[in-house]
Structures are given as C-alpha cells and as structure tokens.
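Student:
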Amino acid sequence: MLQKNQFSLQLVEKHSVSASSLELCFRRPDNGIITYVPGQFFSFHLPEAAANKTRSYSVANRCHNIRENRELRITATLIEGGHASEFFRQAEIGVEVSASGPFGNLILPPQDPARYLLIATGAGVAPYRAMLPQLSERLKAKPELQVVLLLGVQNPAELLYADEFRQMADEHDNFCFRACYSQAEAAAEDEVRGYVQTQFADLQPNTEHDRVYLCGNPAMVDDAVKQLTPLGFTPANLKREKYLFSRL
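Be aware that the sequence shown starts at 18, since it is given in this note's numbering, and climbs by one per residue.
1. Since His189 sits in a beta bridge, which residues does DSSP pair it with?
2. Could you name the residues of the same chain whose beta carbon sits closer than 6 Å to that of Gln29, not counting the 5 residues immediately before and after it, in chain order?
3. Mark Ser33 as exposed unless 16 or more other C-beta atoms lie within 10 angstroms of its C-beta, in which case mark it buried.
4. CB Gly139 to CB Gln57, shorter than 9 Å?
5. Which partner residues of Lys259 appear in the DSSP bridge assignment?
6. Distance, Cα to Cα, Gln221 vs Pro144?
7. Pop quiz: Cys197 and Leu168 are said to be a contact at Cβ under 8 Å. What is the actual Cβ separation, rounded to whole angstroms?
8. Do the stretch 123 to 134 and the stretch 223 to 230 make contact, defined as three or more Cβ pairs closer than 8 Å?
9. State buried or exposed for Lys243, treating a residue as buried only when at least 16 other CB atoms are found within 10 Å of its CB.
10. Can you list, in chain order, the residues of its chain with a C-beta nearer than 7 Å to that of Arg155? Leave out the 5 residues immediately preceding and following it.
11. What is the DSSP secondary structure of Glu85, counted as helix, strand or coil?
12. Please determine, among Gln214, Arg195, Gln216, the residue with the shortest C-alpha to C-alpha distance to Glu206.
13. Quick one, are the C-beta atoms of Asn122 and Arg87 less than 9 Å apart?
14. So Ala36 is in the alpha helix (DSSP H); what residue range does that whole segment cover?
15. I'd like to know whether the C-beta atoms of Arg266 and Val238 end up nearer to each other than 9 Å.
16. If you draw a straight line from the C-alpha of Val76 to the C-alpha of Ala179, how long is it?
17. Taking a contact to mean a Cβ-Cβ separation below 9 Å, would you say Leu39 touches Phe104 in this structure?
18. So, at 6 Å on beta carbons, what are the nonlocal neighbours of Glu113 in its own chain, with the 5 sequence-adjacent residues on each side left out?
19. Locate the alpha helix (DSSP H) running through His226, then write down its first and last residues.
20. Would you check if the distance between the CB atom of Tyr212 and the CB atom of Cys232 is smaller than 9 Å?
21. Which term fits Asn22, buried or exposed, when burial requires 16 or more other beta carbons within 10 angstroms of its beta carbon?
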C-alpha cells in the first residue's frame with residue numbers, strides 16, 4: 018500500500034550507459050505528469066526483493082518541456098552485492114515501484130552568475146544532464162555566460178553521457194566539458210588525469226563571479242568544500258549533494 022506522498026512508477030526502459038551504470042526510465046501507470054525542476058531527485062521505495070530499502074536518485078531526463086513530462090529517468094550505479102543494485106539489475110520491463118518527491122535544491126537560480134562550475138563524479142553527473150536544455154537556452158541568450166562541467170570517473174569506460182556533453186561543447190563556445198580520470202591517462206583534448214577537485218587551481222574559482230555545484234562521491238564533495246570554503250564560498254554560491262553507495 019502506498020504511503021502518503023508516494024506514487025507508483027512502472028519501468029518502461031532499461032539500458033547500460035557505462036561499464037557499471039544503468040539508465041532506467043519509468044512512467045506512472047496512469048500516464049500522469051511527473052513534476053520536478055532539473056537538478057532535483059526522487060526517493061525510490063524498493064519492494065521486499067530489495068529488503069524494503071529507500072534509495073534516492075537524481076532526475077536524468079533531458080526534457081525540453083518539463084510541464085508536460087511523463088517520464089522519470091534515473092542513472093543507477095551498480096554496486097556488487099547492493100540490494101538496490103541487484104533489484105535494478107534484475108528488474109524486468111513492467112515492474113512497479115513506489116517513489117516520492119521531488120526533493121533537493123541543486124537547481125539553477127533565476128539569475129545567472131558569470132560562470133557555473135558543475136563538478137561531478139560518476140552518476141552524480143545526472144542532474145547536470147537534466148539541466149542541459151535550460152543551460153542551452155541561457156548560453157544562447159547570454160554569450161558572456163560561461164559553464165564548465167567536470168566529470169570524474171576511474172577510466173573512459175565509466176564515462177556517462179560524454180557524447181551529449183561534448184556535443185553541447187561543440188554547439189556552444191561558452192560551454193566546456195572535461196573528463197577527469199583517476200586511474201587512466203588522458204587520450205583526448207578534453208580529458209585529464211587526476212581527480213576533479215585537482216582542477217580548481219586551473220579554474221581559479223572566485224566568489225565574485227562563480228556559482229559552484231558539487232554532486233557525487235562524498236569524499237570528493239568534502240575535499241572540494243575544504244578547498245573552496247577558505248576562498249569565501251558559502252551555501253549561497255556553493256551547492257552540494259552527496260551520493261551515498263550502500264550494500265545494505
């Protein structure tokens with residue numbers, strides 16, 4: 018039985034988006050509209066097969082008209098032995114789960130700064146993918162606006178949505194994508210070796226014109242905050258969301 022503020026979702030599509038990640042697409046059984054703001058997340062209340070666990074996933078939709086949106090796409094990283102990972106790995110098209118939301122404030126503000134620094138590791142890049150239609154409109158309207166997206170993964174096989182981010186960079190001179198590999202050498206012009214937070218020295222974040230977003234591995238988020246706080250960044254211009262991975 019659904020609890021208050023919960024609604025049903027039905028799996029309609031599932032495919033791999035990296036060596037260890039799945040993209041899953043859900044619709045409401047009544048084909049109703051699913052309302053959210055790009056950057057927000059939903060909590061999934063998994064059934065007994067997943068030990069009655071609740072897991073939160075950012076919306077990964079690349080939707081141009083969210084007022085009529087009827088899909089909820091999420092990106093799930095598969096953890097060996099994880100209850101949620103095993104549930105999604107084995108889930109067949111048509112299975113139903115319950116969800117609640119949307120939640121979170123990792124969203125774009127009404128007024129743009131001079132530059133967005135979007136920092137992610139792994140599936141933490143999902144909310145930035147959801148922001149692409151919004152960002153494209155703003156970049157076209159404001160040629161002076163700059164957007165830098167850094168995605169940290171172990172190696173190229175773990176890259177998520179890189180083709181879409183690279184296409185965005187091709188279409189907008191004021192959008193920059195950079196893949197950061199912790200366990201592989203860089204082979205392309207937009208790739209570097211090292212963790213995403215090691216790129217701050219090159220980017221020179223400045224509170225006067227930057228708004229920073231952090232999403233992904235808690236260690237990355239904590240390390241980045243330690244570097245940015247002494248520079249004067251506060252919750253007003255530094256938004257963060259940690260992705261916790263659990264086998265329980």
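From the three backbone atoms N, C-alpha and C, an ideal C-beta is built for every residue, glycine too. It should be emphasised that the depicted structure is a prediction, and the values quoted were computed from it without experimental measurement.
Tutor: Taking the coordinates as given:
1. Answer is none; His189 lacks a bridge partner.
2. Per the sequence presented here, residue 29 reads as Val, with Gln not at that position. Closer than 6 Å at Cβ, skipping near neighbours: Cys42, Arg44.
3. exposed
4. no
5. Gly233
6. 24 Å
7. 7 Å
8. yes
9. exposed
10. Asp129, Leu162
11. helix
12. Arg195
13. no
14. That residue, Ala36, is in no alpha helix (DSSP H); it is neither H nor E in DSSP.
15. For residue 266 there is no data in the structure shown, the boundaries of the chain being 18 and 265.
16. 17 Å
17. no
18. Ser25, Gln27
19. Run containing His226: none; DSSP gives neither H nor E here.
20. no
21. exposed
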